Amino acid sequence: MSGKACVFVIEADQVIRSALGYILSERHETFTFAETADALSKAARAAPDAVLVGSSILEDSGAEMVGVLARKLHQAGIIVVAGSTRSPLALAGLRQGAEAIIAKPITFDGVTHAVDAVLARRGAEPSLAPSS
Numbered sequence: 001m002s003g004k005a006c007v008f009v010i011e012a013d014q015v016i017r018s019a020l021g022y023i024l025s026e027r028h029e030t031f032t033f034a035e036t037a038d039a040l041s042k043a044a045r046a047a048p049d050a051v052l053v054g055s056s057i058l059e060d061s062g063a064e065m066v067g068v069l070a071r072k073l074h075q076a077g078i079i080v081v082a083g084s085t086r087s088p089l090a091l092a093g094l095r096q097g098a099e100a101i102i103a104k105p106i107t108f109d110g111v112t113h114a115v116d117a118v119l120a121r122r123g124a125e126p127s128l129a130p131s132s
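Structure follows, in structure tokens:
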């Protein structure tokens with residue numbers, strides 16, 4: 001194990017998916033997916049500590065997808081990436097179990113801060129994890 005937290009990015013938009021993956025890859029073991037089914041399949045082998053769900057996924061599948069992910073990946077903190085923190089889909093995602101919203105345009109600091117805060121709350125941040 002690398003000691004890094006495992007973060008999944010699920011976003012159909014390739015540009016946003018790549019940007020999020022790039023931002024997170026330095027500090028976390030990061031996997032990117034265009035479809036939720038692929039992420040869930042990977043989760044059977046490598047459980048994520050945090051999951052970023054893009055607005056394109058919520059637009060296609062509905063905010064209920066956050067609830068599905070929260071139930072299936074109960075150990076992971078879920079973060080919605082949306083056009084704004086007031087987006088109806090993003091707010092519905094919070095009601096379905098997401099812990100945070102990252103508003104576009106995404107920034108390095110905004111993404112890392114949101115992910116680090118969720119990981120810290122869950123005790124999954126490597127610096128907070130007990131050493132073995």
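Quick note: the sequence shown uses full-length UniProt numbering, first residue 1, plus one each step.
Backbone N, C-alpha and C define an ideal beta-carbon position, used for all residues, glycine too.
Everything numeric in this text was worked out from a predicted model, so none of it was measured.
Between residue i and residue j, what straight-line distance do the alpha-carbon atoms span, to the nearest angstrom?
i: residue 109; j: residue 100; result: 15 Å
i: residue 127; j: residue 53; result: Residue placement at residue 127 is flagged as unreliable, the pLDDT there being 44, under the threshold of 50; the coordinate-derived value follows with that caveat. Answer to the nearest angstrom: the Cα atoms are 24 Å apart.
i: residue 105; j: residue 44; result: 32 Å
i: residue 80; j: residue 16; result: 13 Å
i: residue 89; j: residue 3; result: 33 Å
i: residue 103; j: residue 117; result: 15 Å
i: residue 29; j: residue 113; result: 16 Å
Decide if residue i is buried, meaning its Cβ has at least 16 other Cβ atoms within 10 Å, or exposed.
i: residue 85; result: exposed
i: residue 36; result: buried
i: residue 83; result: exposed
i: residue 107; result: exposed
i: residue 41; result: exposed
i: residue 10; result: buried
i: residue 115; result: buried
If you measure between the beta carbons of residue i and residue j, is that distance less than 8 Å?
i: residue 63; j: residue 6; result: no
i: residue 119; j: residue 49; result: yes
i: residue 77; j: residue 27; result: no
i: residue 66; j: residue 21; result: no
i: residue 34; j: residue 12; result: yes
i: residue 55; j: residue 87; result: yes
i: residue 69; j: residue 51; result: yes
Sort out for me which residues DSSP pairs residue i with in a bridge.
i: residue 79; result: 52, 100
i: residue 29; result: 6
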